[in-house]
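Everything on this sheet refers to the single structure shown next.
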Amino acid sequence: MSDVTSPSVPLLEEREELKKCMSISIDEVRKIAQLARIELTPEEQVRHAETISAVLDYMNILNEVDTTNVEPTFQVTGLENVYREDVVVESKLRDKLIAQMPEVEMEELVVPGVFE
Amino acid sequence: MNLNELAIVQAAEGLQKKDFTSVELTSACLARIHERNKDINAFITVCDELAIEEAKKADMMIAKGEAKPLTGIPFAVKDAICTAGVRSTGAGKILDNYTPPYDATVIKKIRDQGGVLIGKNNCDAFGHGASNENSMYGPVKNPHDLSKVAGGSSGGSAAAVADNMCIYAIAEDTGGSIRQPASFCGVVGLRPSYGRNSRYGIMPMASSLDTVGPLTKTVEDMAIVMQEIAGRDPLDATTVAYDEPPHPALSRGARGQQPPLLAGEVGVRARVGVPKEYFEIEGIDPEVKEITIEKIKLLKDSGCEIIDVSLPHTKYAIAVYYIIVPCEDSSNMARLDGIRYGVRNTEGRTLYDMYARSRDLGFPEEVKRRILIGTYALSAGYYDAYYKKAQQVRTLIRKDFDDVFKQVDVLITPTSPFPAFGVGEKASDPLAMYLADVMLSPASVAGVPALSVPAGKTKAGLPVGIQIIGARMDEGLVMQVGHQLSF
Chain A
-15 MSDVTSPSVP
-5 LLEEREELKK
5 CMSISIDEVR
15 KIAQLARIEL
25 TPEEQVRHAE
35 TISAVLDYMN
45 ILNEVDTTNV
55 EPTFQVTGLE
65 NVYREDVVVE
75 SKLRDKLIAQ
85 MPEVEMEELV
95 VPGVFE
Chain B
1080 MNLNELAIVQ
1090 AAEGLQKKDF
1100 TSVELTSACL
1110 ARIHERNKDI
1120 NAFITVCDEL
1130 AIEEAKKADM
1140 MIAKGEAKPL
1150 TGIPFAVKDA
1160 ICTAGVRSTG
1170 AGKILDNYTP
1180 PYDATVIKKI
1190 RDQGGVLIGK
1200 NNCDAFGHGA
1210 SNENSMYGPV
1220 KNPHDLSKVA
1230 GGSSGGSAAA
1240 VADNMCIYAI
1250 AEDTGGSIRQ
1260 PASFCGVVGL
1270 RPSYGRNSRY
1280 GIMPMASSLD
1290 TVGPLTKTVE
1300 DMAIVMQEIA
1310 GRDPLDATTV
1320 AYDEPPHPAL
1330 SRGARGQQPP
1340 LLAGEVGVRA
1350 RVGVPKEYFE
1360 IEGIDPEVKE
1370 ITIEKIKLLK
1380 DSGCEIIDVS
1390 LPHTKYAIAV
1400 YYIIVPCEDS
1410 SNMARLDGIR
1420 YGVRNTEGRT
1430 LYDMYARSRD
1440 LGFPEEVKRR
1450 ILIGTYALSA
1460 GYYDAYYKKA
1470 QQVRTLIRKD
1480 FDDVFKQVDV
1490 LITPTSPFPA
1500 FGVGEKASDP
1510 LAMYLADVML
1520 SPASVAGVPA
1530 LSVPAGKTKA
1540 GLPVGIQIIG
1550 ARMDEGLVMQ
1560 VGHQLSF
C-alpha cells in the first residue's frame, strides 16, 4: 500500500508570483509550524502557504454577515455543569498502557531531556 | 443469496432460527474481505482469528437463549475508534503500532452483547478529508467503480458495507464523514444529534462537532443499531440523558422480539421542507437534482406535505466549519506527539526534534495543514477575526434550523452535490475538497441529526444519496421518513 501522492510543487517563477498575493507568508507558515511542532521541508512550506492562503481568503465570506450582538455558539446540547462524584476508581489498564509506551525503563517512561 | 449480503434483521433471524451460525456468517464476511480488499482497500486491519473466536462465543450465547439484537452479527469499525486489543491507527502512521487497551463506549456496548468485530476500516487520517485519499494506508476505492473515491472520511466503512464485507459498520461524522461516503457508496449513514452517542474512545478531531454513528444496509438496521448504542455515558460529559426514547421509531421493535421498525408501514404524514439554497448550489449535478426531486414527489404521493423553505445562512456553513475544525483540531492533535504512545522518531538530538519529526512523519499533509490553520487562527490577534466570528455565524445557522423546524418536521436535500468523483481529481486542491461538504456542514454545525439514504443511481451507475435532516434529538422521525423513502 502506498502513501497518497502529494500535490505538485509550483515552479520557482510561479512561486515568486504566488508570494505577492498570499495572505499568509512562507515565514508565517514556518513560525506556526514551529509552534505546532511539525517539521516541514521548504517545498512543504511553500505549498502550505499557498493552500492555506486560498482557504483563509475563502473565509472572508463571513465578513458579509453582520454579527453585532450575536452570541457565539460554543456548544449545542444546552447542558450546564455536568458533575460526577469524585470517586477514585482503580484502573486495570496499567500494564497495557505501559506496554504502549515507546521507551520504558523499570516500568517508567523514558523521554528526551527537556533542558539541553 | 450469500450470508454476507444479509442485513442485520435477516441475519439475526437466521441466527435465531439456527439456519446458520455466527461462525458461518462471519466466515462469509471474511471470505468477501479476502476476495475484495486488495482492490477496494476498505480495511487496514482484518481480525481473522479474533472474529471467529468471538463468533463461537456468540453462537454459544444464542444456543443458551441469551441473544441480544446484535449478537453474532459481524461489524466493522472505523480505525479512528479505539478497539480493545485490536490495532487502531486512525489511518495515521503516528499510531501505526497503537493497540488500545480499552474499547470506545459504543464498541463496548456492541461487543458486550456478542457483536463480532471483523476488522478496522480505512479512513482519512484522524477524520481529515472528504475522499479517503488522506489515509496513510492508501485511498479507498468505490465498490461501484474502482476509479472513483469512496468518499470520506469514513470511506472504508461505507465501502465495506456496500461491498458486503460486513453487515454494518460504526464510524464517525464531524462534518459529513458518514453521510458523504454513505451517499457515494449507496448505503445508509446517520449523523446522530450531537450528544446522542458517547464519543468516549473516539480519536477526536473537532470536539464541539464530532459524533459517532452507524453505516447500514437498510434504515431498519440503522434504528436497531442506534437503539443499542445510544445513551448517556458518564465518560462523555456531552452526552444527553433522556428517559424516554425520543420517538416511537426508536422504541418500537428494536429489542429483537419485534424487529422491524415500521416494516410494511407506510405513511408518516410528515411536513417535509425543501430548502431552496441546497438546490441552487453552484455545480450541482443535474442528475442528482433530478433524482432528489423524484424522491420528494414520492413522499408527496405517500401523504407528506411538501413545503418550500429557506435557510438563509447555508452558504456560510463551510467557512464556519473549516474555521472551527482546525482550531479545535490543532489542540486535539497535540496529544499525538510520540511521547506516551505511538511512533516516536529518535533520529534528532533534542526534545523539539523528537516532536517535530514524529509529527512530520506521522501525519499526512492534510492533517498538518489543519493543525497549521488552527494554530494560526487561534494565535494572538486572530481569535476574534476567525474563531469567535465563526462561532457567531454558527449561532445564526442554528437559528435558521430552529426557525424552519417551527414550520416543518424534516428537511430533504441531496447529500452531496455530485456523485463520487475520480481518485486524484480533487486531491491537490484542498479548498475544492472542503467545498464538497456544502450540503453536509450546516447540520453539523447546528448539531442536528441527518441521515443519508440511497436514492438511486446516475446513468453511469454511481449511487446518489438523499439527506433527511431533523430537529435536535429527532432521529426517530428522520429514520421513519428515510424508511419510507426506501420503498
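Those protein sequences? They're chains A and B, same order as listed.
Yeah, the first sequence ends on 100 if you go by this note's numbering, and it's all consecutive.
Yeah, the second sequence ends on 1566 if you go by this note's numbering, and it's all consecutive.
C-beta: ideal position from N, C-alpha, C; glycine also.
Computed from a predicted structure; not experimentally measured.
The secondary-structure analysis by DSSP pairs Y1247/B across a beta bridge with F1154/B. Per DSSP, reduced to three states, the secondary structure at N1424/B is coil, with no helix or strand assignment. The stretch 1118 to 1136 of chain B and the stretch 1084 to 1099 of chain B do not touch, with fewer than 3 CB-CB distances between them shorter than 8 angstroms. Residue range P26 to M43 is occupied by the alpha helix (DSSP H) that includes E27/A. Put simply, the CB of R1350/B is far from chain A, with every gap to its CB atoms at 9 angstroms or more.
Of all residues in the stretch 38 to 49 of chain A, only A38, V39, Y42, M43, I45, L46 and V49 come within less than 7 angstroms of chain B when Cβ atoms are compared, listed by chain position. Put simply, the stretch 1206 to 1222 of chain B touches the stretch 1162 to 1170 of chain B. At least three CB pairs are less than 8 angstroms apart.
The beta carbons of V1527/B and I1403/B sit no closer together than 9 angstroms.
The distance from the Cβ of I1386/B to that of V1487/B is about 5 angstroms, consistent with a contact at the 8 angstroms cut-off. Looking at the backbone, the Cα of T1290/B and that of N1276/B are separated by about 7 angstroms. The residues G1274, in chain order, have a CB closer than 6 angstroms to that of V1319/B in the same chain once the five nearest residues on each side in sequence are set aside. Assignment of K1538/B by DSSP, reduced to helix, strand and coil, places it in the coil class. For I1360/B, the secondary structure class from DSSP, reduced to helix, strand or coil, is coil.
Here DSSP, grouped into helix, strand and coil, assigns G1164/B to coil.
Distances from the alpha-carbon of H32/A to those of Q1470/B, E1103/B and I1450/B put I1450/B closest. With fewer than 16 neighbouring CB atoms inside 10 Å of its own CB, F99/A falls in the exposed class.
Sequence-ordered contacts of the stretch 1516 to 1539 of chain B with chain A read V1524, A1525, G1526 and V1527 [C-beta pairs closer than 9 angstroms].
Taking all protein chains in view, the Cβ of P1179/B is crowded by 16 or more other Cβ atoms within 10 Å, so the residue is classified as buried. The C-beta of K1485/B comes no closer than 9 angstroms to any C-beta of chain A. Interface residue (Cβ-Cβ distance to chain B less than 9 angstroms): M6/A is not classified as such. Assigned with DSSP and collapsed to three states, E1212/B falls in coil, not helix or strand.
For a Cβ distance threshold of 8 angstroms, residue set L1430 of chain B lies close to V98/A, ordered along the chain.
For R14/A, there are no C-beta contacts with chain B under 9 angstroms, since the nearest C-beta of that chain is about 10 angstroms from it.
Nearest to N53/A by C-alpha distance, out of K1467/B, Y1279/B and V1532/B, is K1467/B. Separation of G1427/B and K15/A (C-alpha to C-alpha, rounded to the nearest whole angstrom) is 20 angstroms. One thing to note: E1366/B has its Cβ no nearer than 9 angstroms to the Cβ of T1492/B. Listed in chain order, the alpha helix (DSSP H) runs fully inside the stretch 1253 to 1322 of chain B are 1258 to 1264 and 1298 to 1308, counting runs of at least 4 residues.
For the 9 angstroms CB-CB criterion, A1248/B and A1155/B form a contact. Secondary structure of P56/A (DSSP, three-state): coil.
Judged by DSSP secondary structure, E1128/B falls within the alpha helix (DSSP H) whose first and last residues are D1127 to A1142.
Within chain A, the residues whose beta carbon sits less than 9 angstroms from that of T1474/B are T51, V54, E55, P56 and T57, listed in sequence order. When Cβ pairs closer than 8 angstroms are counted between the two stretches, the stretch 34 to 49 of chain A is seen to touch the stretch 1496 to 1514 of chain B, the count reaching three or more.
Inclusion of R1258/B and L1519/B in the CB contact set at 9 angstroms is warranted, their separation being smaller than that value.
In this structure, T1162/B sits near K1199/B, with a CB-CB distance shorter than 9 angstroms. Around Y1395/B, the beta-carbon contacts reaching into chain A at under 9 angstroms are I45, L46, E48 and V49.
In this structure, the straight-line span from the alpha carbon of Q1192/B to that of L46/A is close to 47 angstroms.
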